[in-house]
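Chemist:
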Amino acid sequence: MTDQPIARRNIAVLTGAQALGGASPPIVMSLGGLVGQQLAADPAWVTFPVSLFGLGLALGTLPAAFIMRRHGRRNGYLTGALIGIASGLIAAFGIFAASFVIFCLGAFTAGLYGAYVQSYRFAAADGAEGDLKAKAISWVMVGGLVAAVVGPQLVIWTRDAVPGTPYVGSFLSQAALALLVIPVLLMLRSPPDVARAGASGGRPLRKILRAPRYMLAVATGVVSYGLMAFVMTAAPVAMVNTGHSVDSAALGIQWHLLAMFAPSFFTGRLMAQFGKERVAAVGMVLIAVSAVVALSGIAVANFWLSLMIMGVGWNFSFIGATAMVTDCHTPEERGKAQGANDFFVFGATAIVSFLAGAVLNTAGWQAINWLLFPPIALILAPLLWQAARGNPQAAV
C-alpha cells in the first residue's frame, strides 16, 4: 500500500497532462482536411494529412513503449512533449510556406506525439492496487473531456491569429499546449515497484500475445475504437449527403465527443462494482444500439442520438478493455504488452478510417452501420463468458 500516495499523485498529474496533450488530435483532425484543401494540388489528397496523423499514431506506439521501458515514463513523456512542440511548429511552417508536404510531415509528427499521450491511461495504473487501478484509467480519460473542449475552442480563437495565413495560429497553439504539458509531466513520479521492475524481464512478447485473456482485452480495444472511428469518420459526410447542414454535422460530432468522455467520471466505479468485462460488454451492446438508431432513420435526431450512444458505448468498452490489459501482464512486461496493445488498436483504427469513406461512397450510410454487428457479436460472446467465469487478478 506504500505506493498508493504516489499513484494518486500520478493520477492527478496525468489527468492534467491528458487535458493539455489530448487537445492536439482535435486540432489536427478538425483542420487537417481544411488545410489540405488549401494546399493540396489534387483534391484526392485533401484528407491525406488526417490519414498521416492516424498512421503516425499507430507507428509511434511501439517506439514510445520502447523508450519508456528503457528510460522511464517521465523521460519518455517529456520526449513525447518535445515531439509535440515540433509537430505544431512544422505544421505551422508548412501552412506559412504553402507546402503541402511539410504540413503532412507536421501531421504525421503529431501522430507520433499522440502515441505518447494515448499511453497516459496505462501510466495512471502504475502502482495502483485493487479498485484504484480501474478508477485511475477512468479519471485520466476525464482529462479527455477537457481536451475535447479545449482543442476545438483553440482552433476558433487562434485561427486568424497570424494575419494573411489562416490556421497558422491554430498549430502554433498546438505547439504551445505541448510546451505547457512539460512542467506538468515533471511532477510525475515512478512508484517503487514499477521503478524496480527495470527495462527487461517477464515473458517474451510472442507468449504474451498468445495468452487468451490478453487476446480478448486487445480485441475488445480494437473493436471498440475501430468501430467508433469507422462511424465517426463517415457520420459528418453522411449527414451533409442526406441534406443536413454542416453546422448540424459539427454539432453532432461535438455531442459525440462529450458522450465519449463524460461517463469517465463514473466508469471506474462501475468497473469496481460490476467488473471490467461486464462494463466492456455493456459498451458493446450500446454500440450495437447506436447502429439500430442510425438504421431507423436519417433525421438529425437519429444521427445525433446514434453518435451519443456510440460515444458512451466506446467509453465503457474502451476503458474496460484498457483495464483488462493491465491485468494481463507483470510490471516487467508492461512496456511491451501495453505498446503492442496500442499498436493493434490504433493500427486498426487507421485502417478503418481509410476504409470508411470508400464504404460510404460505394454502399452508403446504412452499410456503415450494418457492418458494426458482426465484430460486436464476435467480441460480446467471449466477454460474457469471461465475465461469468470471473476475472482473476493474476497477471499470468
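In the numbering used here, the protein residues as written are 253 to 648. For every residue, glycine included, the Cβ atom is placed at its ideal position computed from N, Cα and C.
ALA524 to ALA343, Cα distance in whole Å?
Modeler: 42 Å
Chemist: Which of the three DSSP states, helix, strand or coil, is assigned to ALA317?
Modeler: Correct three-state label for ALA317: helix.
Chemist: Using only alpha-carbon positions, find the residue among ILE347, LEU272, ILE505 that is nearest to MET484.
Modeler: The shortest C-alpha separation from MET484 is found at ILE505.
Chemist: At a cut of 8 Å, does the segment 267 to 278 reach the segment 430 to 438 through at least three beta carbon pairs?
Modeler: yes
Chemist: Helix, strand or coil for VAL298 per DSSP?
Modeler: coil
Chemist: Examine the ligand SAH and report whether any of its heavy atoms sits within less than 8 Å of the Cβ of VAL545.
Modeler: Only the bare structure without any ligand can be found here, which leaves the ligand SAH out of the picture.
Chemist: Report back the beta-carbon spacing between LEU547 and HIS508 to the nearest angstrom; my notes put them in contact at under 8 Å.
Modeler: Incorrect: roughly 17 Å between the Cβ atoms, too far for contact.
Chemist: My guess is that ASN567 and MET512 are in contact by the Cβ rule of under 8 Å, so how many angstroms apart are they, rounded?
Modeler: 6 Å
Chemist: Out of curiosity, what's the CA-to-CA distance linking LEU424 and ALA514?
Modeler: 28 Å
Chemist: Where TRP622 and ALA367 are concerned, what is the direct C-alpha to C-alpha distance, given to the nearest angstrom?
Modeler: Their backbone Cα atoms lie some 30 Å apart in a straight line.
Chemist: Could you check whether ARG326 and LEU438 sit closer than 9 Å to each other, using their CB atoms as the reference points?
Modeler: Yes, Cβ-Cβ distance for LEU438 and ARG326 is below 9 Å.
Chemist: From this set, ALA264, LEU538, THR601, which residue's C-alpha is nearest VAL392's C-alpha?
Modeler: If we check each option's Cα against that of VAL392, ALA264 comes out closest.
Chemist: Could you spell out where the alpha helix (DSSP H) holding GLU529 opens and where it closes?
Modeler: 528 to 547
Chemist: Roughly how many angstroms lie between the CA atoms of ALA551 and ARG458, to the nearest whole one?
Modeler: 48 Å
Chemist: Expressed to the nearest angstrom, what Euclidean distance is found between the alpha-carbon atoms of PRO627 and ALA413?
Modeler: 45 Å
Chemist: Going by DSSP in three states, ALA292 sits in which element: helix, strand or coil?
Modeler: coil
Chemist: Does ASN613 pass the burial test, meaning 16 or more other C-beta atoms within 10 Å, or should it be called exposed?
Modeler: ASN613 is exposed by the Cβ-count criterion.
Chemist: Helix or strand or just coil, what does DSSP make of TYR419?
Modeler: coil
Chemist: Pick helix, strand or coil for ILE337, following the three-state DSSP scheme.
Modeler: helix
Chemist: What does the alpha-carbon distance come out to for the pair TRP297 and TYR466?
Modeler: About 38 Å.
Chemist: Going by the CB atoms, is the gap between PRO443 and ILE258 shorter than 9 Å?
Modeler: Yes, they are a contact pair.
Chemist: Taking the runs of the alpha helix (DSSP H) that are 4 residues or longer, which of them lie wholly in the segment 337 to 389?
Modeler: 352 to 370, 372 to 375
Chemist: ALA400 and GLY520: beta carbons closer than 9 Å?
Modeler: No, the pair does not count as a contact, with Cβ atoms beyond the cut-off.
Chemist: Would you kindly work out how many angstroms separate the C-alpha atoms of ARG530 and PHE348, rounded to a whole number?
Modeler: 50 Å
Chemist: Based on Cα-Cα distance, which residue from SER339, ALA540, GLU584, MET491 lies nearest to GLY565?
Modeler: ALA540
Chemist: Please report the distance separating the alpha-carbon of VAL470 from that of PRO415.
Modeler: 46 Å
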